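Engineer:
In the working numbering, the protein residues as written are 30 to 245.
1. When you compare the segment 178-189 with the segment 209-218, are there three or more beta-carbon pairs, one atom per stretch, that lie closer than 8 Å?
2. I'd like the list of long-range same chain contacts for residue 91, defined as Cβ closer than 8 Å, with 5 residues on each side in sequence excluded.
3. Measuring CA to CA, which of 83, 181, 43 is closest to residue 151?
4. Are at least three pairs of beta-carbons, each pair with one atom in the segment 108-122 and one in the segment 224-239, less than 8 Å apart?
5. So, helix, strand or coil for residue 53, using DSSP?
6. I'd like to check one pair, residue 223 with residue 136: are the Cβ atoms closer than 9 Å?
7. What distance in whole Å lies between the Cβ atoms of residue 197 and residue 81, which are believed to be in contact at a cut-off of 8 Å?
8. Do you know offhand how far residue 107's Cα is from residue 94's?
9. Going by alpha carbons, who is nearest to residue 174 out of 125, 218, 50?
10. With H, G and I counted as helix, E and B as strand and the rest as coil, what does DSSP make of residue 82?
11. So the beta strand (DSSP E) residue 105 belongs to, where does it begin and stop?
12. Near residue 210, which residues of its chain fall below 8 Å by C-beta distance, leaving aside the five closest residues on each side in sequence?
13. Evaluate residue 40 with the Cβ neighbour count: other Cβ atoms within 10 Å of its Cβ, from every protein chain shown; 16 or more gives buried, anything less gives exposed.
14. Among the candidates 202, 133, 193, 62, whose CA atom is the shortest distance from the CA of residue 156?
15. Please go through the same chain and pick out, in chain order, the residues whose beta-carbon is closer than 7 Å to the beta-carbon of residue 5, but skip the five residues on each side of it.
16. Between residue 61 and residue 143, what straight-line distance do the alpha-carbon atoms span, to the nearest angstrom?
17. What's the gap between the Cα of residue 73 and the Cα of residue 166?
18. Where does residue 134 land, buried or exposed, given buried means 16+ other C-beta within 10 angstroms?
19. Need the endpoints of the alpha helix (DSSP H) that residue 37 sits in, please.
20. Once the 5 residues before and after residue 243 are set aside, which same chain residues still bring their CB inside 8 Å of it?
21. Taking the beta strand (DSSP E) that residue 230 falls in, what are its first and last residues?
Below, the structure is given as structure tokens:
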């Protein structure tokens with residue numbers, strides 16, 4: 030990781046305000062601190078893994094990222110033995126939240142089942158808007174981020190992109206693709222695994238992995 034860029038990533042992430050219907054995930058409460066520790070651990074592991082691809086998604090879901098602190102990871106992935114990133118028999122060293130609202134998430138399951146079959150290192154994941162957008166008064170729901178929220182979150186994703194310098198940027202869904210394009214980043218579009226897109230997502234990610242593996 031490039032230190033200046035990862036420092037900027039954390040600075041921008043911590044400055045992102047939460048709202049009544051978009052929860053900031055890395056606050057000073059016990060849950061927020063646990064999520065941040067997990068995210069820091071994830072980024073350290075991914076730095077060692079040297080990912081060739083960075084997948085930019087849309088926003089955290091209440092069953093996955095909003096619980097674990099890590100994009101496309103639910104409690105099921107935190108608990109995985111062996112670890113999904115390191116292959117360590119004792120796991121990847123993530124902390125497990127107490128009494129989480131959900132133990133698994135469909136998208137996270139599809140993503141990591143796909144990653145397990147890849148030839149190259151696991152891709153790095155991050156959302157274009159890192160707060161958890163939900164319906165007003167209903168934190169255990171998901172809603173799509175608004176255009177203004179995507180604009181707020183994009184600089185954070187760009188800082189992470191600069192820090193890791195992954196060779197291939199992939200946009201998971203149209204919101205991510207559009208946000209990156211508006212900032213001069215050409216990304217390969219891929220179908221989101223939710224809402225019937227699991228097979229298309231898995232097939233396309235496997236194709237991109239093969240292309241990466243075959244390149245010098």
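Yeah, the Cβ is synthetic: ideal placement off N, Cα and C, and Gly gets one too. All of these numbers come straight from a predicted model, not from anything done at the bench.
Structural biologist: Straight from the coordinates:
1. Touching, yes, given that three or more Cβ pairs across the two stretches are closer than 8 Å.
2. Position 62 of the chain shown, counted from the start, is the residue given in the question as residue 91. The residues are 130, 131, 161, 163, 168, 169, 170, 171.
3. By one-based count along the chain shown, residue 151 stands at place 122. Ranked by how close their Cα comes to the Cα of residue 151, the residues 83, 181, 43 have 83 in first place.
4. These segments do not touch.
5. Position 24 of the chain shown holds residue 53. Here DSSP, grouped into helix, strand and coil, assigns residue 53 to coil.
6. Taking the first residue of the chain shown as 1, we reach residue 136 at position 107. Taking the first residue of the chain shown as 1, we reach residue 223 at position 194. Cβ atoms of residue 136 and residue 223: closer than 9 Å.
7. As a position in the chain shown, residue 81 is number 52, starting the count at 1. As a position in the chain shown, residue 197 is number 168, starting the count at 1. About 6 Å separates the two Cβ atoms, so the contact holds.
8. Taking the chain shown and counting its residues from 1, one reaches residue 107 at position 78. Taking the chain shown and counting its residues from 1, one reaches residue 94 at position 65. Their backbone Cα atoms lie some 11 Å apart in a straight line.
9. Walking along the chain shown from the start, residue 174 turns up at place 145. Comparing Cα positions, the closest option is 50.
10. Working through the chain shown from its first residue, we reach residue 82 at position 53. Note: residue 82 maps to strand in three-state DSSP.
11. Numbered from 1 along the chain shown, position 76 holds the residue referred to as residue 105. If you look at residue 105, you'll find it isn't in any beta strand (DSSP E); it sits in the alpha helix (DSSP H) that goes 104-107.
12. Position 181 of the chain shown, counted from the start, is the residue given in the question as residue 210. The residues are 216.
13. Numbered from 1 along the chain shown, position 11 holds the residue referred to as residue 40. Classification of residue 40: exposed, given that the 10 Å Cβ count is below 16.
14. In the chain shown, the residue the question calls residue 156 occupies position 127. Per the Cα distances, 202.
15. Here the chain comprises residues numbered 30 to 245, so residue 5 is not present and cannot be evaluated.
16. Mapped onto the chain shown, residue 61 falls at position 32. Mapped onto the chain shown, residue 143 falls at position 114. Distance between the alpha carbons of residue 61 and residue 143: 28 Å.
17. Locating residue 73 in the chain shown gives position 44, counting from the first residue. Locating residue 166 in the chain shown gives position 137, counting from the first residue. Going by the C-alpha atoms only, they are around 35 Å apart.
18. Taking the chain shown and counting its residues from 1, the one referred to as residue 134 is at position 105. Counting Cβ neighbours within 10 Å, residue 134 comes out buried, since at least 16 surround it.
19. If you number the chain shown from 1, residue 37 lands on position 8. Run containing residue 37: 32-44, per the alpha helix (DSSP H) assignment.
20. If you number the chain shown from 1, residue 243 lands on position 214. For residue 243, where only same-chain residues beyond five positions count, there are no Cβ hits under 8 Å.
21. Working through the chain shown from its first residue, we reach residue 230 at position 201. Unbroken run through residue 230 is the alpha helix (DSSP H), 227-243; no beta strand (DSSP E).
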